[in-house]
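Here the structure comes first, spelled out in structure tokens, and everything after it is commentary.
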Amino acid sequence: CELFFGSDSGANSIPLLFQKKSAVVNIAEIITQHTVRYWYPMLMLPKKIRDKTTNEIISLWDYQKHKLVRTPPFYNYPIDNFKIENNTEDEILEFAKENIFFLKNGYFNFTTEDKELKKSYLDVIEKVCPKLNGFSIQKNRLFISPYFLKKNINLIKLK
């Protein structure tokens, strides 16, 4: 197995046990995923969480405010006021292309814009991620797909 490509269904944990590369779509736990340590750089494709009242996508900056970060001992979060949206076909296709490039070449083909978005994203994560399991932004190896970030730039913008 060179790469596990699938959803955040639980089966995605098996490749991690054997230090195999993994590409996971439809991750609802954007923030909490960063408290897990990955042994290699990994892209993820998160779900979007939409506020049913305003019909707006929730910014990562507002996850704490809405209690959308699961931390022990509370592993549930309120979903009554929110709609969790799966990734679109184009997001999954571009994510697959990004991961295939990494698999073939050993690095991600990030443009200057992608690198700037990644830095902005990691700045947000550093400020909002709970400091669990020795979380350190310097040791972080988990990133959101650059295509996804470009398409959903409001995830990392302050309102």
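Residue numbers (our numbering): 173 to 331. Yeah, the Cβ is synthetic: ideal placement off N, Cα and C, and Gly gets one too. Note that the structure is predicted; figures quoted are calculated from it, not measured.
Burial state of residue i (16 or more Cβ within 10 Å)
i	result
N259	buried
Y235	buried
L215	buried
C301	buried
I251	exposed
S231	buried
E261	exposed
F190	exposed
F274	buried
I335	Here the chain covers residues 173 to 331 and nothing more, so residue 335 does not appear.
Strand pairing of residue i, partner residues [DSSP]
i	result
R222	I229 and K255
S179	V197
L215	F315
The beta strand (DSSP E) enclosing residue i, as first and last residue numbers
i	result
I316	L314 to I316
Separation of residue j from residue i, as counted between CA atoms
i	j	result
E257	N227	12 Å
E266	L289	16 Å
S292	C173	33 Å
F320	N198	12 Å
F177	K329	29 Å
A268	K220	18 Å
K239	P187	30 Å
D295	S317	16 Å
A200	E270	20 Å
K323	F315	15 Å
G278	K192	14 Å
I264	A195	10 Å
W233	K299	8 Å
P218	L327	11 Å
R313	N253	32 Å
Span of the alpha helix (DSSP H), counted from its first residue to its last, around residue i
i	result
P187	S185 to L189
I297	T284 to V300
D262	E261 to N277
(message) Pairs of beta-carbons, one from the region 276–285 and one from the region 173–182, closer than 8 Å: are there three or more?
(response) no
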